[in-house]
Every structure is written in C-alpha cells, then in structure tokens.
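Asker: Below you'll find the structure I mean.
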Amino acid sequence: MMVWVLLAVCLPLLPVVLALHPALQRWQWRLLPLVSLPALGLVLLGPAQWQLGLPGLLLGANWQLDALRQPFLLLTALLWSFAGLYATGYVKRCRRSFALFWGLTLCGNLGLVLAADLVSFYAFFALMTFAGYGLVVHERTSAAFRAGRVYLVMAVLGEMALLAGLLLAAGTANSLLLADLSVAIAESPRADLIMVFLLVGFGVKAGLLLLHLWLPLAHPVAPTPASAVLSGAMIKAGLLGWLLTLPLGQTSQLVTGTVLVLIGMLASLGGALIGVCQRQSKAVLAYSSISQMGLMTLMLGVALAVPERTVWLLPVIGTFALHHALAKGALFLSVGIRMPNHRLARWLYWGVIAVPGLSLAGLPLTSGAHTKLAMKQALQVDGLVWSLAPWLGNLLTAGAMATLLLVLRFLWLQVRNTNRNESGPCMQMGWGLVLMASLLFPWFAPELPAAITTTLADHVTYWMALIWPMLVALFMAGMVVAIRLRAPEVPAGDLVVLLEDSVKKARGRSRVSVSIRIGGKRVEWLQKALVCRVQPAETGLRVHIAGSVLILALLFFLL
Amino acid sequence: MRSPAARIGMLLLALMLTALLGRSVWQLSMLEPASDLPRQLQDKLAASGVEHPVTAVLLNFRSYDTLLEIAVLVIAAMAGISMARTRSLEDPELRTSDTLLRALLRWLVPLMLLLAGYLLWAGADRPGGAFQAGAMLAATGVLMRLTGLPLDFLRPGILLRIGLVLGFALFLLVGLASAIAGDVFLAYPREFVKGLILSIETLLTLSIGMILLALFVAAPVNDASEPEEGEK
Amino acid sequence: MSTPLLYALTGAVLWGIGLMGLIGLRHLLRKLLALNLIGSATFLILVGLAQHHNGPDPVPQALVLTGIVVSIAATALGVVLIRRYFHLTGRTELESEVPEAGRDEEGHSG
Amino acid sequence: MSNWLMAGLLFTPLALATVSLLLGFRQGRALSWLGMLLQLLVSVGLWWLVRHEGGFYYTLAGWDAPLGIELRVDGLVVTFLLLTTLVASGCGIHAGFYLEPDRPWQRYFWPLYWFLWAGLNTVWMGGDLFNLYVGLELITLSAVGLVALGGQAEALRAALRYLLAALLGSLAYLLGVALVYGQFGTLSLADVAGQVRVSEHALLMRPALVLMLVGLALKTALFPLHGWLPPAHGIAKSPVSALLSALVVKASFYIAARVWLEAGVAVASQWMAQLLGVLGAVAIIWGSWLALCQPRLKQVVAYSSVAQIGYLFLLFPLTFGVEASVSLHAQQGITLQVISHALAKAAMFLAAGNLILAVGSNRVEALAGVSHFLPFSLFSFGLAGVSLMGLPPSGGFAAKWMLLQASMASGQWWWIMVLAGGGLLSAAYVFRIYKASFLERDEQDHFYHPDRRLEVAAMLLALASLGVGVSGSQVLSVMAMPFEEVQ
Amino acid sequence: MMQQALIPVFALLCSMLAAAIIFTLPEERQRLRTVINLLAALIKVALVGVMTWGVLNERDYGLSYEILPGVSFVLQADALAMMFAGLSAVLWLLTTIYAVGYLEGSPNRSRFFGFFSLCVASTMGIALAGNLFTFFLFYEMLTLSTYPLVVHRGTDKALRAGRNYIMYTLSGGAALLLGIIWLQGLVGDISFQETGQLKDVDENLHLPLMLVFGLLVAGLGVKAALFPLHGWLPQAMVAPAPVSALLHAVAVVKAGAFGIVRVVYDLYGIEFATLLGVLEPLGWLAAFTIVYGSVRALSQSDLKRRLAYSTVSQVSYIVLGAAVFGPVGTVGGLVHLLHQGIMKITLFFCAGNYAETLGIHKVQELNGAGRRMPLTSAAFTLAAFGMIGAPPLAGFVTKWTLGSGALNVGMEWVVAVLLISSMLNAAYFLPVIHRLWFLSEYEWSYQRRWGRLETHSWLLWPPLVTASLTLLAGLFAVLPFSPLSWAELIAAREYLP
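Protein chains in written order, with our numbering: chain A, 1 to 559; chain B, 1001 to 1232; chain C, 2001 to 2110; chain D, 3001 to 3487; chain E, 4001 to 4497.
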C-alpha cells in the first residue's frame, strides 16, 4: 500500500529526476501522460479508505484517503491523466520545461489531496502553487508574464495567509493533523481570525471573489491543457483546503457563513456577467469557473452557518467539484481542437463541445443536472432556519440562466475559432476521454446521503423549472445576435488593471539616495577639516614643548 | 611665541614657577632631614681608601654612577667622532708659524701636564681628581691644536678609540675582577683599594682628556651625507 | 638665611630664567646654553638645599660633579649635532619659516 | 650565584660597548651575537634565581643603601630584564642585517646600542634616584646618538629636538631629586618611600614629585610633551626606532611609575592623578588621530607610540585612592601594556623597515601591491597591530582587559570610553596601512626583496606580543615572584 | 579523559596549523595547498563528528587554562556548541572545495587560503568557547582574519568595504568587551552553562545586568547585522563569492547570532532574561531588522547585494528565536542557525558560479541563465524557495517552529513579522527565479566553458550538495541528527526542568 501511495505521489517527479541527466531528458516528454496513472489506479482500484503514517517525513507526515477526499483524488487523477495525454499533442515548444512543471504541479496537487497533516498538506499546496507558475507562463509572451506576475503575487499572498491560518490553527489545536483542526478552531477564541486567514489563503486558489483576479488572466495565456488542470483540478485544491480545515459541522459560524454565501452569490452572478463580456473563449471559461466556484462557496457558507446541513452538503460539494472539473476540463480542452473542414463533422463537433457546457448550465440528464439537483435538495428550505434561505432557490435559477448565457457566449466565440493548428491524435484522445468521463459522470458519481438522493419525480420538477430560464437565456442571446449588440468590453482580470495603474503612478524616484550622497560629502568635509586643523596644532606643540612643560608643571603645582 | 602677549604670558608663568620653586625650597629648608648621610659617610670614609669624601663618594661609594658617567662621556665622544672627516685633521685656518707662540707653548705644555698630574694626585685628600685633571689635559691639547700642531693621534682610528675607552675599560675590568673575586660588582678588595682607585683615576684622566679633546678636534663635520631611509 | 640657602634660591631663579630662555630663544646654541643654565641651577639647588644646616655634605657635591660631567657630555653632543646641522643646512634654528606640516606632506626625496 | 649573574648583567653590555668600539661593524656584529646570548643566559638565570630564592637587593661596590647604590632585583625587574633582552636582541639582529655595514659611521652603532642596553638594565634595577638619573642620561645620549648616526639634516634636526627635550626632562627630574634629597637627605627610593609614610611633612614632597613626573613625562612623550618623539622615531633607522619606541620611552615611564607607586600615591592629590590620566587619554586620541593622517609609514608608527604611551598614564588615576586589589590590577595591566607595546611596537617598526626597504619609499601610498610581495612582513605588521588595537589574543588585549577591569572596579568609568575608543582609533590607522598595501596596482612592481632574517626578526617579536596575551597569567606570575631580602 | 579534553583543541589546531603551513607555501604549490586544505577540513569534520556523538552521549569535552588572573580560556563542547561547530565544519569543507575552484589561477591564493583557514579556526573557537572571554577572543580573531578576505580583490571598492567592515565590527567588539568586563565585575563568573548561570543573582543587580545585556547585544549585533548596525554587510559583498558565502552563512553573521543565543541561553538563561524583560525589546529589534532587510533587498539590482540584505533579514530570525520564550521558539531560532547557513551558502555559491561562468553580477543579467546553467539555477531556486519559507524546504521548518513557538507564548506579532518577511522574500527572490528560468537569454559579455559541465566541477558540486541539504533538512526534519532534532535536544537542555 505504502509503496503504491508513494509511487502515486512521487512518480510525477520523474521528469524532474530525468532532467538531471541529458541522456534521459528525452524521456521526460514521452512519459508525461504516464506519471499520473498510479494515482488513477489508486483511486479506481485501491481501497476507498486508508491511512498511512510516514513519521520520518517533514514534521511527521500522515496521508489518508476518505470519502471526502475521494472525489477530489478522482477528479485530479482523471483530469491530469487525460490533460497530460492532450498535452503531448498540444505543446510544441519548451517541452522539457513543460514536463518539469507539469510533473511538479501534479505532484503537489495529488499530494495535497492525500495529505492528512498540516505540514505535508501545506508543502504540497505550495509546491503546486509555485510550480503552477511555470505552466502559466509557459508561452513566454508578455501577456503570459503579466498573468504570471499577478498569479504569483496573489499566490504568495495566499500562501502567507494560509501559513498564518495554519499556524494559528495548529497552535490552537496543538496538533498537526488536519482532522483535529475543525474542533479546535470552532472552540478557539480566535476562530474568526483563523477562518479569515484560511478563507483568504485557500480563496486565492479557489478563485474567491476579489481574490480571483489571476484566474481570467492566467487561463487564456496558459497552454490549453494547463488551463484545463488549473481550472479543473487546481482550483478545487482551494476548495478541498476549505473543506479540510474550516470548522464544518461544529458550532454555527453565522457571520462567516453569511458573508461566504453572499460572496458566493455575487461571484456566481457577477462572474458570469463579466464573463459574458469577454473576447477570449478561455477567459469566458475562466469567469465561468469563478461563477461555478461561487456556487460551491455558497454551499460552504451554508454549511458553516448551518452545521446540521454539513452532512448533506459535503458530499454534494464533492460531487459538484467532480462534475465541474470534468465539464470545465472538457470545455477547455475543446478550445485547442481544430474544427474539421467537413461541414457535417463540424456540426457534430459543435454538438459535442456544447454538451459539457450545457451540462454546466444543468442540462437534464447530464452531470450538471445531477449535481444541481443534489444541491437543490441539500439547500432545500424546509428545515433551513436561516435568513438567507428563501433566496437560495431564486439564486440557483438565476445562476443557471447566467451559466447558460456564458456557455452560449463561449460557443459563439468558438464559432469564430480560427484555430488552424493540427490537433493530433493525442489531443483528440485526451479531449475525448475527458468528454467521456464528463458524460459518464452520473454513473460513477459518488454516492450521496440517502436524505438527498433524488427520485425521478424530483428530476422532472427540476426540468420543468429549468426550462423557462433557459428559454429566457436563449432569447436574450438571440436578441443580442440579432441586433448585433456588442458586449461592453471588460478587460480580463477586471480589478487588476486598476491596481496596476495605481501602482505605476505610485512609483517615483525615492530621494533617499540623494540625501545619503550629501551626507557622505559632509563627512568628507569634516575629515578634511579635522586633518587640516590637527596638523598645525601638532606642529605648534612640537615647537613649544618647553612652554608646555612650564604650563604643565604649573598646573600640577596648583593641583 | 612671536606675539608679545604670549611672551609676557610665558614670562608671568615662568615667574610663577620660580616663585613656587622658591617657596618649596624655602619650606624644605625648614625641615631637618631624617637620615644623616654625611655622618654615615664620615664613619665609612676610612674604609674607602681615599681621604677626601667627595672622591670617596665618586670612586667608591657611588662608583657605579661614575662608571656610567664616563660611559656618557664616551658616548658624546663617539657621536662627535662619528661625524669626523677621516683623511686628515689638517685645518689650514689654524696653521700658524708664529714662533713666539711656539716658544710659549713649549713652556706652557709641560707645566699644564704637571698641573694635571697634581690635580690627579690631590684628588685623594682634597679637591681635585680625574675629571679636573682630564680637563686640564684637554685644555693643553686645545692649546696645541690652536697653535696648529697636527695632533694626528686624534685622528679617528683605532688609536683614538682605544684612548677613549681606556679609563672606562680599566674601571670596568676592576669591577668585573671584584665580582669574579667573589664580591659584588665594583667592590674593591680592601687591601688594593688605594692602588686601584689611583690607577683608575690615572687612566680616566687620560681618557677624559682625550674625549674632551677629541670633541674639540675631531667634531668638525664630513661632507658625506646618507640619504634618509627609504628615499634612495 | 644661610648662604647655601641663598644658593638654592638663586638656583630657583636661574631655573626660571633658563626655562624662559629655552622657551623664548630660537638659536640652537642659545637653547643649549639655556639648558646649561638650568643644569647649573639644578646643581645649585642640589648643593645649596642639602647643606644649609648640616654643614658641608660631600654627597651632593659628588653628585654635582657627576652631574656636571653628564651635562658636559650632553652639551658636547648637542654642540656637535648643531655644528653638523648648521653645516648641512646653514640653519641655526630648528623651526623653519615654512610651517612644518606643509613640508611633511610634500616629503623630500633626494 | 647572584653575584655572578649580576656582574654578568651589568658588565656584559658595558664591556661589549667598549670592545665593539674598537672593532668594525661586522666584527662588532659577531661579538654582539655573543653578547645577546650572554644577556639572555644571564637574565634567564636571574629569573630562575628569583623564582627559587626570591628577589634581593644588590649593593653595588659593597656599600649599603643610603650611602652606596643598591640595585633591587625582584619579579618586576626580572620581567623587564627579560623583555629588554628579547626586544633588544630582536632589534639588534635586525639591525645587524639591516644597516649597511660599509658606511664608516656604522661601527659606532654597536657601542651605542650596548650603552643603551646598559642604561636600560640600570634603570630597571635602579633603586637610587640619582643613579636613575645617570642611567636615564646614558639612555638618552646613546639614543640621540643612534638617531643622529650618519646624520643627514633631517635626522640631525630630529636628534637635536630630541636632545633638547630629553635634557630638559632630565633636569626637571634632577631638580625633583634635589628637592627630595633636601627634604629627606637620602637618595634611595626605598628610604624615601619609608620616610614619606611616617613624616608629617610628607606633603612638602609634592613639588618634587611634580617636577619628577613632569620631567619624566616629557621624556616619555606624554601629550602635550610628545612633539619630539614622532620626528625622532620616524627618521631613525627602523631597528633604532624600534629600540627607542619599545624600550627607551618605557625607561622614563618606569621610573615615574616607581616613584609614583612607592612615594607618590602618599603625597599626590586626586586632581594630579586625574590630570595625568586625562593627558594620557588625550594622548590616545590625539596620537591615534595624527597617526591616521600621516603620509609616511614610519610617522604612522611613531604617532601610534604617542597614543600607546597614553595608555600607560592611566596608571596614575587607577592606582590613586583605590583599593589595593584594584591598584594591583591596574599595575598588572600597565605592566602588560608596557610589555606588549614594547614587543608589538618593535615588531611593527621592524616590519615597517622591511616594507620600506622593499618598496624603496617611506610613503604609505607606495605600499600598494606589497601585500603579495612581502606577506610575511605585512603579517608581522598586522600581528603587532592586533596587539596595539587591543584585540585578543594579544598582549595588548590582556592589558586592556585588566585596565578595563580596574576602571570598572574603581568606579572611574570615564577611562572605559577612552580604552574602548582608543582601540578603534588604532584599528583605523593600522588598517589604513593594510588598505594601502592591499591595493592592487596594474603594473608589475619590481620590489627589492629584503633578507629573510629581517622578516624573521619582526615576526618573532610580533608572535611574542601575541604570546603575552595567551600567557598573561604566566607573565604576571613572573612579576609577582616573591621578594625576600637575602644578603 | 585527557584525550577528550584534547579533541576540541585539535579541532581548533587543525585549521590553524593548516593556515600556518599554507601561509608559507609558495604561490605555485597549488596541489599541495589544496591537499592540505581538504585534509584539514576532513579531519575537522571527523573530529566534530566524534564530539557530536560524544555530546549526544553526555560526554564532557572541556579544557580550561588561566590566561589572566581570574580569566580563563575555556573550551567546552556542549550541544549548542556542536551545532555551530558542525555547521562550520561541514560548510567549510564545501566552501574550501568551492574556493579552490573559484580562485583557480588568480593571485594571492596562499594568503587567501591561509586567512580562510584562520577564519574557520576562529569560528570553531567561537563555537567551542566555554566562557564569554574565550568567545570574545575568537570573535575578534574572526574579525581580523576575515578582513584580508573581504579586501582580497584589492580594488578600491573592496578596500572601502573592508574599512567599513573593520570599523563596524571593531566597534562592536569594543561594546562587547565593555559588556564582558562589566559583567565580570558584577558577577565574577562569565562561563557558559546550560540553563544559564545568572539566575540566582542579587535583585539590585538587575538594572546593571539589563544594561550589560544591551551592551552585549550591541556588540554582537554588529556581526549579526541587527538593524542599525548592519551597514557593513551589504558592502562586504564585494568579496569573492566563497568569502561572501562564508561571511554570510557560516562565520561572521552567524558568530554574532550565535553569540546572542549564547548570551541569552547560557549566560543569562532564558528564564532570567525573560524575568529581566530584555527579550521583548530584542525581539522587536530583530523583527524590525527582518522586515527592514527584506525591504532593502527589494530595491537592489546587484545580485550579491540583494543576497546580502537578505542575510540581514534572515539572520535576525535566529535572534528572534532567542527572544521568544519557550522551547519551541528556541528550536525555531536555533534551527535557523543551520538552515540559514546552508541556504545562504547555496545562494552565494550560485551567485559566484554565475559571476565566474557568465560574468553575471546584476539581477537583470540573470535572464535565461537557467537554461545555460540548469544545475546551478536549480540549486539557487531551491535555496531561494527555502529562504521564502516554502515547504518542504529547510526555511519552512524554521518559520513553522518559530511561528508556533511564538504563538504558544502569545506573541502573535511574531507571526505577522514572519509573514511579512516571507512575502518580501518572495518579492525579491521570485523575480530572480523568474528571470532565471523564463526569460530569454541575456547577451552575456563573456562565457567560459568547461567541457560538458555547465561550470567548473569544483564550483558545481558544493552548491548542489548544500541545496540538497536544504531539501533534506526540511524533508526529513524529524529524523535524528537533523537540524531540527538537534535543536530540540539543545532546547531540552536549555530550559530549567
């Protein structure tokens, strides 16, 4: 077992090892899709629950797999494997570097899912974050560098907040096990502070509103497979972090929960709104991710505020994450696929591309529908004693509408996709596999608690409820196309642009160096003056030595 | 020290010092010294080998002082001759052919030598002694030099150097001999005191005379100049 | 006031004069003479102070004799040096008109 | 045993001076090796003797103290004798190879050298105030002679200045002695000390004390009476400068210290002690600062002596009106300072001489690039510098440590500042030299390579100054050897 | 028993002896010099290893010898000493290898390696010093022996830096000396003892003891580059890379920090120091230095200068650790003594490699160097991430333990400082790493090639080794003999039972 786990986590480091020797470097690239296979095997074939202690590692490492982690491990392994396959066809330049960072990031991502103690969790999280930079800036264009810079700044901020949160939490819990944290935090007098740190720390990765700035910048510029894993898997790491550390199921954290729900609402709608205004398909997808993560944030907020719902919500969040990862992964990968020239084939492709998108919007019979339904069940109003409860239903409806609009926007942009690059069999296969996984999702989705499993009747009512928002959305889209309304241009990365401007203005030449120079001159002058004064005095003393004797003798006499 | 104010200030200060010194002398003169050295001296004079107390102090009780004093003289002489011209002591300015002077000299020199001898001898029991005799010798030499006599034995050379240290060397040897004999340094054996002191005095006289004379005769400068260290 | 004491007091005065001379005079020989004067003053005090009431004290007399020889040696050395100094530089004073500091900075090669 | 040793001690230098006057430079040198060896044997023998049988008075010419001259041999004296042997031998060996043997006047080097040594021995052991005067004069005149040797105008100027100052100092001292004799009727320092303690008119000794101290301070070159020192020490030949700085100025200080400790503390005033200390402190700052400004290497070292001498004068405030233990601490500290400064300064001058010989110039800037040419000498210079700065593990440090302790224990905290600041200033000028020598020059320099033996001499002395720090306790134990009167 | 007392002496002597021999070697005897250097380094590592083993088994390696009345030269190997000794022994070995490669063909190597050995001997002495006096002895010796190394290049700039260095450190030495003397005057005994030795002093000595503490810290703070006293450090980076490495990682700054640790734990005793209330200001000072150093590092365009300011910041972690009461904080500070050493030495090694191979001095010249020198750059990256405190590297272990130690005793502000500093570290290191790996190659004015390797193999291995150590120290932090567990051992012995 241990060997298997270690292999699963460490095999992604193979490109790093191979990089050490020139003779082995060509293997780096060829083995890229294979490095995540042990992890995939682990989640598919291995036991569903296990625990592994590695006392010699770090400050005493502890890894485990449980029901909460399983969907995350699954989505991570799946997405990375297929995207890796896709990447072997997609990436043309700097392959070795790509393989290196790919492996490192993957290692971090897998490891953090499995980590059960704070330190290894944080270690893998940091590894993923920093190695991810390599993926973001892979194209080495100035846009990539700009996105990378924003990514890095945000990531560092996040890491620091995270470190603070974890330190405080560990100090409170007096334990390094993640499992011990939630109780301790809930009981701690500094619970709010810790939670804020953790929310912010993971929020950067999870694309929490206001901390999402890097997402729409990074996704369009990163290579497509990298965008897929960024948006599909890595973004979920933040979510997982929240789930593992926040005091879920303990005492009610009403304020935090409410704030989170509000942020989630805002994100899910606002993200969609800004996303519609984007000009790049990947940027649209990025905002869609923000929007979707908003929904997950919302659920988390509910879980925090209403602890009794945690039991229901956690599996739902897991399911949602898995669904979103696969669907979004498929969408991202489709960006790099070249449309066949044949008209029919192109329409077929179109249809296939649209499915995951519509799934996101909750198209019946898709994973989206499955998830949305489960979510609705979990958030059902009866029994949810909470001020915001009545709004949730409407929100979900609005969310679905917004998502659909986004998807339409994406498809619209895809139509104009002038991608002329050859998409080789590897890409096709990778894309296809993700797509398939996404479509097959309802069949291997994790089991939900009995209380919120859905019946057919639920499905039907759900569909009914879905029809009209979808229609409205389609109508709006149609209108837009018909009157050739141009969407207002909102630069990707929205707030970042404002920030960058202000930073530029603030940067002026400091005057410190000037004053230092003046100071130096003064010192020199003083030195010169001292030298000039001392030497004649010395000569005087030399000449008047007898006089000095006289004066001294008198002085002594008088004393 | 050019400004008159400073001069007057210094003068006042010097006056003050003088006054303080005088006051101190005055105050001290009121005191009776606790130890009575003259009486001790008187008690031990008999054992010193000479009758005159000053000579006894000089050459016996505090002979070490005297030994070093001669050393100081030798040093001065060395410093003097180290700057001497080596070729010849001929000084054309001093050459004279005044026969009257020569004749006078012929009388004076033996007389002065005799006087020197007397001073040396008298030192044992009355004022006199090696230094006075040596000074007399030197005066003789000066006189001879001024009349243009060459005095070639004063040319810096081994002879002169031997002459310079002769008295000192004997003094030293006596000191060493006494130490070797088992007593302390410079303690003359009781039985030879007088003879030893006399012979030391005699040689000292010669040396002192030579030293003083050498300073007069040989001190003129040479033209050789050595560059300062490191400034070649 | 006994005669020896008078000698001693005279010595004190001579000391002041000698010192003043050493301070005020610039010619090297004069300085040397001033020092000689100081020496003599010292001897006067030594002898005068010691024997003003005990009658003649041979010890200071002997000391003074030694002192005189030493001072002669020193004077002789001084004169030798002064002569040679004069011979080489043509100067009779230590201090030159040009301030010393300035010359020190230039150094002198040669 | 003691007779032989003492006779050897007194006789050897004088005899060598006499004999070497009759010989040329080279023969004198060969003879001097022998003399150094003898001196070494004698002083080590004396150390052995004193250690086993205690110190003693040695009555010269067989006459007891007030009338005759008594020499005192105790631990401290032995310490200084050993120090003299070490330093003077080092300088002598250096001089033997440093001076050009063919100059006619160099034959007078050895006699002067040995007279100087004889004077030093006399002063260390002297217990008679007048004998100390004669010893001082012996030292002064031979030192002046050495400075003027082969005299070029500048050297003569320096020598004359030195002579005049030293004579004035001697005479002031002698005047003090005259007053003491007038007061107590004795010349023996031990007697004077005894009488001061019992006499009700002891305070009348104060003028004498002042005169002696001022005179000796002048000879020791205490600020502001130091004007004669830098020219003399700067212009003399390096081994001569080394001797002068290391030993000659110490002789007069030694007398001052002995007078002060035996009789002075009983009659002096707090103000006098403090004033002496203040002058010392000013000397430290002034000397160091001027050393920093000097354009010529040996002037730097010479001014450093002015500064280092300042430390010595902290003895006065630190032994006046304090507890016996503190006073002892201060005395030990000052002794260590004397020793370590002697060794270090000698090493420094010798090393400076080597450097000058190598680069052919006395100027500090000329040293550029010498660091990889004469690393050995530069290293000696540096080691000596370490001691002057008072950094561990040098003797200078041990001294500073004890002085700091003494200042702390006596509550005179203001000296602490001086001690600390002085170290820094000395660091400044030592490193200035280093800086100059480390500067790399582009063109390939053609330095003259001095004799290896010259470098060794400097190195040994520098190492010795370091050794004093490492074995401070041992050195001080020599000083503390028992004193018993044996006849 | 006698043998045991001699081991520390041998540890000291082996490098002093090496220095003495090397000084006398002519410039051309390169091989012999290298052999002597390496031999001495290896012997030292072995001796330190033996002692470490012994200390773990509670053996006593002590030696005492009276230098001045009441003042002794004491060598003593305790756990804390061995930590520092081990660090310097191992890193010396590496630095020697590096320096041999670095200075190949340059002038004045005998001088360089001679002083180099002396410098390490002093460091060893500082580590093994059993009382404050002995500590001071070697502390000043260190100052002196590093000066020739700092000015080794002999350029005007180097000499100026050297002057500043010496003036700063000697002033510090003076303050330290005063403190020592005063302390000795107050309490007499100045030897180091586990759990401290001033705990039972009289109540009315508390005020002077506080002042003494201030003096001692001021003196040590110069070398440790605490805030107002750090000016020399960034200038001293003109020295050759191995020297900077040694200066920043092992010898000088570490000596200062180690001294502060010694004073706090073994002289005052942490409990007593807390009682006196001197730790809080010390902590604030350290915290300020941490932030200040990082801020200054941000604006440096010279690579080594940037690293130097980073040192200013990093070394204060150690001091901060000493100022935090409680075993965990102690561990955090102590462990950083080692961690900072290996990380910073890696960085300087790499900086040296860049300079030697591609002539890189400025940060902007690093563009694309990663492709040209991947191994060096990898080492640099690892160490830089370690500095930032990214897990699982050594720096993280420090920050984590320091942070949790501070939290344990309710000093939340320490965590804030740690975070701010980490952030700043990231801000000045990440751009460098970015340039290394992601930017296109700079037009280097000169490039040297060494066959297949990216640089001289003697230059390449040391940073690789230290970089791996950086990784291992973090990855296996809890294994026995790791820095962390050794620090825990010390902490366990430093607190009163």
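Glycine is no exception: its CB is placed at the ideal position from the N, C-alpha and C atoms.
Please state the DSSP three-state secondary structure of Gln51/A.
Answerer: It is a strand residue.
Asker: Looking only at its chain, what residues have a beta carbon closer than 7 Å to the beta carbon of Val276/A, apart from the 5 residues adjacent to it on each side?
Answerer: Excluding positions up to five away in sequence, the list reads Leu405, Leu406, Arg409 and Ala487.
Asker: Quick one: is Gln3405/D buried, meaning 16 or more other Cβ sit within 10 Å of its Cβ, or exposed?
Answerer: Counting Cβ neighbours within 10 Å, Gln3405/D comes out buried, since at least 16 surround it.
Asker: So with CB distances below 7 Å, who are the chain A contacts of Leu2022/C?
Answerer: Ordered by position in chain A, the residues that pass the 7 Å Cβ test against Leu2022/C are Ala546.
Asker: If the cut is a Cβ gap below 7 Å, which residues of chain D does Leu1013/B touch?
Answerer: Those within 7 Å of Leu1013/B in chain D number zero; the least Cβ separation is about 13 Å.
Asker: Which residue marks the beginning of the beta strand (DSSP E) containing Arg3072/D, and which one marks its end?
Answerer: Here the beta strand (DSSP E) through Arg3072/D covers Glu3070 to Val3073.
Asker: I'd like to check one pair, Glu159/A with Ala206/A: are the Cβ atoms closer than 7 Å?
Answerer: No. Outside cutoff.
Asker: Met4387/E: buried (16+ other C-beta within 10 angstroms of its C-beta) or exposed?
Answerer: Buried.
Asker: Quick check: Val3468/D and Pro3393/D, are their CB atoms within less than 7 Å of each other?
Answerer: No; because the gap between Cβ atoms is not below 7 Å, this pair is not in contact.
Asker: Looking only at its own chain, which residues have a Cβ that is under 8 Å from the Cβ of Glu4412/E, when we skip the five neighbours before and after it?
Answerer: Correct list, in chain order: Ala4406.
Asker: Kindly indicate if chain B contains any beta-carbon less than 7 Å away from that of Leu550/A.
Answerer: It does; some Cβ of chain B falls within 7 Å.
Asker: Unbroken alpha helix (DSSP H) runs of length 4 or more, entirely within the stretch 3143-3197 of chain D: which are they?
Answerer: Here the runs fully enclosed are 3153-3184.
Asker: Spatial neighbours of Arg4493/E within its chain, please: C-beta separation below 7 Å, excluding the five flanking residues on both sides.
Answerer: Ala4079 and Glu4194.
Asker: Could you give the distance in angstroms between the alpha-carbon of Ala1019/B and the alpha-carbon of Asn3354/D?
Answerer: Approximately 52 Å, taken between the alpha carbons.
Asker: From Gly111/A to Leu13/A, what does the alpha carbon distance come to, in whole angstroms?
Answerer: When rounded, the distance between both Cα atoms is 12 Å.
Asker: Using a Cβ distance threshold of 8 Å, determine whether the stretch 3228-3243 of chain D contacts the stretch 3258-3276 of chain D, with at least three qualifying pairs required.
Answerer: With a cut-off of 8 Å, the stretch 3258-3276 of chain D and the stretch 3228-3243 of chain D do not count as touching, because too few Cβ pairs lie within range.
Asker: Do Leu1154/B and Leu1160/B have their beta-carbon atoms positioned less than 7 Å apart in this structure?
Answerer: Yes, Cβ-Cβ distance for Leu1160/B and Leu1154/B is below 7 Å.
Asker: At a cut of 8 Å, does the stretch 17-33 of chain A reach the stretch 95-102 of chain A through at least three beta carbon pairs?
Answerer: Touching, yes.
Asker: Under a three-way DSSP split, which group does Trp3415/D fall into?
Answerer: Here Trp3415/D sits in helix by DSSP.
Asker: Would DSSP call Phe3056/D helix, strand or coil?
Answerer: In the structure shown, Phe3056/D sits in a strand (DSSP, three-state: E or B).
Asker: Along chain A, in chain order, which residues have C-beta atoms closer than 7 Å to that of Pro3290/D?
Answerer: Before going on, a small fix: residue 3290/D reads as Leu here, not Pro. Here the neighbours are Val534 and Glu538.
Asker: Taking 7 Å as the CB-CB limit, is Tyr151/A close to chain E?
Answerer: No, Tyr151/A lies away from the interface with chain E (no Cβ there is under 7 Å from its Cβ).
Asker: Measuring only the C-alpha atoms, how far is Gly238/A from Phe202/A?
Answerer: When rounded, the distance between both Cα atoms is 4 Å.
Asker: Give the residues from the stretch 3198-3220 of chain D that approach chain A closer than 9 Å (Cβ to any Cβ), ordered along the chain.
Answerer: The residues in question are Arg3206, Pro3207, Leu3209, Val3210, Leu3211, Leu3213, Val3214, Gly3215, Ala3217 and Leu3218.
Asker: How would you call Gly547/A, buried or exposed, if buried means at least 16 neighbouring beta carbons within 10 angstroms?
Answerer: Gly547/A is buried by the Cβ-count criterion.
Asker: Quick check: what's the CA-CA separation for Leu4436/E versus Arg146/A?
Answerer: Leu4436/E and Arg146/A: Cα-Cα distance of roughly 16 Å.
Asker: What is the DSSP secondary structure of Phe3313/D, reduced to helix, strand or coil?
Answerer: Coil at Phe3313/D, not helix or strand.
Asker: Check the Cβ-Cβ distances between Ile4166/E and every residue of chain D, and say whether any is below 7 Å.
Answerer: Ile4166/E counts as touching chain D.
Asker: Which of the three DSSP states is assigned to Ala4059/E in this structure?
Answerer: In the sequence as presented, Ala is not what sits at residue 4059/E; that position holds Arg. Note: Arg4059/E maps to coil in three-state DSSP.
Asker: Please name the residue, chosen from Leu167/A, Leu209/A and Val204/A, that lies closest to Ala191/A on a Cα-to-Cα basis.
Answerer: Of the listed residues, the one whose Cα sits closest to Ala191/A is Leu167/A.
Asker: Are the CB atoms of Ala4323/E and Leu4279/E nearer to each other than 7 Å?
Answerer: In this structure, Leu4279/E lies closer than 7 Å to Ala4323/E by Cβ.
Asker: Please classify Ala115/A: does DSSP put it in a helix, a strand, or coil?
Answerer: Strand at Ala115/A.
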